[in-house]
Amino acid sequence: MYLTTDLEHSVFHTPYRHGFRKLRILTGYASSAFLYHILENYQDIEIELIIGMSRRDGIPRWDHERYQQIVNENPRISIFYQISSPPIHTKIYHWYTDGLFDDSLTFVGSANFSWGGFRDQHELMVEVNFPNIDEVFAIPTCLICIEPTIEDYIRFTNIYIGRRGRVRQRPIQVVENNDLSRDVSLYPYVDLPLLLNNDTAIHERSGLNWGQRPGREPNQAYIPVSSRIHQANPNFFPPTQQEFNMLTDDGHQLICVVAQSNRKAIETPESNSILGRYFRERLRVPLGTRVDAQDVIDYGRTSVRVYKIDDETYFMDFGV
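Per our numbering, the sequence shown runs over residues 22 to 341.
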């Protein structure tokens with residue numbers, strides 16, 4: 022049977038529900054946001070991931086850093102990059118138990134290990150089983166992502182904003198691949214206000230002050246997203262509760278989701294205090310305390326500009 026819809030349910034949810042825990046993946050491309058999603062939803066999973074197009078097309082720096090963090094913190098996860106030519110464009114997902122062919126499930130098709138493969142594009146997968154599966158994964162020319170010499174083999178792409186002067190006066194550029202400079206206006210963006218009433222007030226128990234109520238961790242916060250933003254840009258942000266990377270102008274990366282009723286919030290699902298601590302540190306507000314409207318005004322910027330780099334990567338500019 023050809024699988025064309027709800028691929029995550031077929032390729033991940035059903036095998037996991039039937040007791041499989043070990044998964045080998047060979048994919049042309051991958052994303053750290055999708056890996057985070059899989060690890061959060063299938064918490065006992067063991068993954069060996071090989072990214073086959075890494076030598077030819079490179080790896081985004083933010084994905085690489087997240088992969089290294091995951092591998093260093095989770096001994097059940099291994100991530101490898103193909104370091105020689107020709108590149109590998111295969112997409113294959115092999116669930117197994119103790120390496121036994123008779124107790125395995127294999128899916129092949131067109132879906133990369135990313136939100137693009139499992140959500141944003143029309144892809145096809147099919148279940149197959151052949152006894153030479155180990156030959157498929159016997160790739161001698163790949164290195165684990167935490168190998169100290171990995172940068173000798175793989176080109177890592179990056180994005181940053183080069184600043185000149187104040188926010189509203191500077192030309193802004195995005196630099197990719199360390200050799201290609203693009204004006205950031207090539208990317209769509211939205212401006213998300215952090216204050217209310219023409220920048221004269223702030224949310225008292227929501228927004229940056231979401232945790233300022235009894236029983237909550239006081240640093241909890243979210244970025245408000247008005248219904249007007251969604252109405253004007255209905256496809257700008259991902260679906261509700263689906264993880265994406267938020268890169269920041271000061272070099273951080275956050276795993277975020279759009280959440281709450283009417284999709285009114287951008288949150289950090291691992292802990293909503295991550296976002297609150299981030300903004301308090303940038304605003305120079307003591308951790309755990311209330312953010313006042315004047316704190317934001319004194320900082321010099323009362324909104325964040327969020328650029329959409331692709332369907333699972335965004336860039337937040339809060340620089341002054």
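Cβ coordinates follow ideal geometry from the N, Cα and C atoms, glycine included.
- In the three-state DSSP reduction, G130 falls in the strand class (E or B).
- Annotation: H39 is outside any alpha helix (DSSP H) and is labelled neither H nor E by DSSP.
- Following the DSSP letters along the chain, one finds N293 inside the alpha helix (DSSP H) bounded by residues N293 to L304.
- R87 and F258 have their C-alpha atoms roughly 21 Å apart.
- In this structure S282 is exposed. Its beta-carbon is surrounded by fewer than 16 other beta-carbon atoms within 10 angstroms.
- Taken in chain order, the unbroken stretches of beta strand (DSSP E) that lie wholly in the stretch 234-290 and span 3 residues or more are 265-269, 274-280 and 286-288.
- Taken through DSSP and simplified to helix, strand or coil, F339 comes out as coil.
- Under the three-state reduction of DSSP, D119 is assigned to coil, being neither helix nor strand.
- Counting only residues of its own chain and dropping the five nearest sequence neighbours on each side, S131 has a CB closer than 7 Å to the CB of K112, E144 and L145.
- Considering only R284, G309, I180 and T127, the residue with the shortest C-alpha distance to D338 is I180.
- Rounded to the nearest whole angstrom, the CA to CA distance from V92 to K329 is 27 Å.
- Excluding residues up to 5 positions away in sequence, I175, R176, F177, T178 and N198 lie with their Cβ nearer than 8 Å to the Cβ of G79 in the same chain.
- Measuring C-alpha to C-alpha distances from F101 to each of E225, P169 and F139 identifies P169 as the nearest.
- For Q89, the enclosing alpha helix (DSSP H) begins and ends at R82 to E94.
- A check of alpha carbon separations from P260 across D332, R38 and D313 identifies D332 as the nearest.
- DSSP places Q64 in the coil class of the three-state scheme, outside both helix and strand.
- Listed in chain order, the non-local C-beta contacts of V325 below 8 Å within the same chain comprise D212, L213, L215, I244, M337, D338 and F339, local neighbours out to five positions each way being set aside.
- Contact between T48 and F134 holds, since their C-beta atoms are separated by about 4 Å, short of 8 Å.
- The stretch 271-278 makes no contact with the stretch 30-48; the number of CB pairs closer than 8 Å stays below 3.
- Where Q315 is concerned, the enclosing alpha helix (DSSP H) starts and stops at A314 to Y320.
- Taking C-beta atoms under 8 Å as the contact rule, R311 and Q233 qualify, at a distance of about 5 Å.
- In the DSSP assignment, F177 forms a beta bridge with I80.
- In this structure A51 is in contact with L70, their Cβ atoms being roughly 6 Å apart against a cut-off of 8 Å.
- Each residue's CA atom was taken as its position, placing G228 and S247 some 11 Å apart.
- Here I68 really is in contact with I46; their C-beta atoms are around 7 Å apart, less than 8 Å.
- Rounded to whole angstroms, the separation of the alpha carbons of P152 and A280 is 44 Å.
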